[in-house]
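Numbering (the working numbering), first residue to last: 203 to 459.
Even glycine gets a Cβ: it sits at the ideal position worked out from N, Cα and C.
A short worksheet on the structure shown next.
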Amino acid sequence: MAFGKWIGGYLGWSAFGPIGALIGFLVGAIFDGATDGGTARLSSSGFTGDEQQSEGERNSFLLSMLVLAAYIIKADGRVMHSEMEVVRSMLRQNFGSDGARQGEEILNRLFDEEKRTGRQAFRLKIQQSCQQIVAHTDYSTRLQLLNFLAMIAQADGRVDPIEITALKEVAQWMQMSPQEVDSMLHLQGDSLEDAYKVLGLTPQATDEEVKRAYRKLALEHHPDRVAKLGDDVRRAAEKKFQEINAAKERIYKARGL
């Protein structure tokens, strides 16, 4: 059972916390499967200590992504196939078709939880989950989480203003600037205006401010910082890094730098 490995990695986050509470209805089932001699094993035998830690961080990242994705996907009150497919694709790459189905089950139950408790109560749980994420992850990992959430919001070809609000809420709860959201939503743009928004600047910025902003982004978003989270996360970070570089080059060219 692929999902057993998710929980095995997630147990590295002490006392489960708010995220554990949101997925708790599945934690018990995994424990039952493990104690009954089923295939849902919580151990990571055969891995070195460093490998176990990396696997735990990666799986915790994926579970966090699912919890936050539920909030972003339902921000506009609809569950779009294109948004769900972004999540499914990532799960398939990590855990195969079984893992993708189990991940979708988590999402559907999270949607049910939002419906049962109401948007405001669910919002509070997401805020608490973000606080837990801050306590256990570094800034670059949180940036990559936010990047995946932005990709989900963009999956249907447009980003509703209410989705932007939800993204900026999550960014603030994870102790990041809402400006990070604006930057990520313009990564795929090819205009000079988009380039300035990627760097978080206006055309009135000085050359030194442009260089300083680029150096800061390049340092925070370097793919090496999230390599421990798996090849798929690193590839996404590499794509984002290339888009940041492309934005910088458009500005440099326009300014003759």
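Limits of the unbroken alpha helix (DSSP H) element including residue i
i	result
M376	Looking at the DSSP string, M376 is not in any alpha helix (DSSP H), and its letter there is neither H nor E.
K399	L394 to V400
L403	Counting along the chain, L403 falls outside any alpha helix (DSSP H), and DSSP gives it neither H nor E.
V412	D409 to E422
Under the three-state DSSP convention, the category residue i falls into
i	result
T367	helix
A448	helix
V428	helix
G305	helix
M267	helix
A277	coil
M286	helix
Q381	helix
L387	helix
R436	helix
A357	coil
Beta-carbon separation (whole angstroms), residue i vs residue j, contact threshold 8 Å
i	j	result
F263	L347	7 Å
Y416	L401	6 Å
L268	G301	Actually they do not touch by this definition, with Cβ atoms about 11 Å apart.
R427	M376	Between M376 and R427 the Cβ distance is about 16 Å, and since that is not below 8 Å, they are no contact.
A357	E307	With a Cβ gap of about 20 Å, A357 and E307 do not count as contacting.
Unbroken alpha helix (DSSP H) runs of length 4 or more, entirely within the region 289–348: which are they? Counting only runs of at least 4 residues, the region 289–348 fully encloses the following alpha helix (DSSP H) elements, listed from N- to C-terminal order: 321–338.
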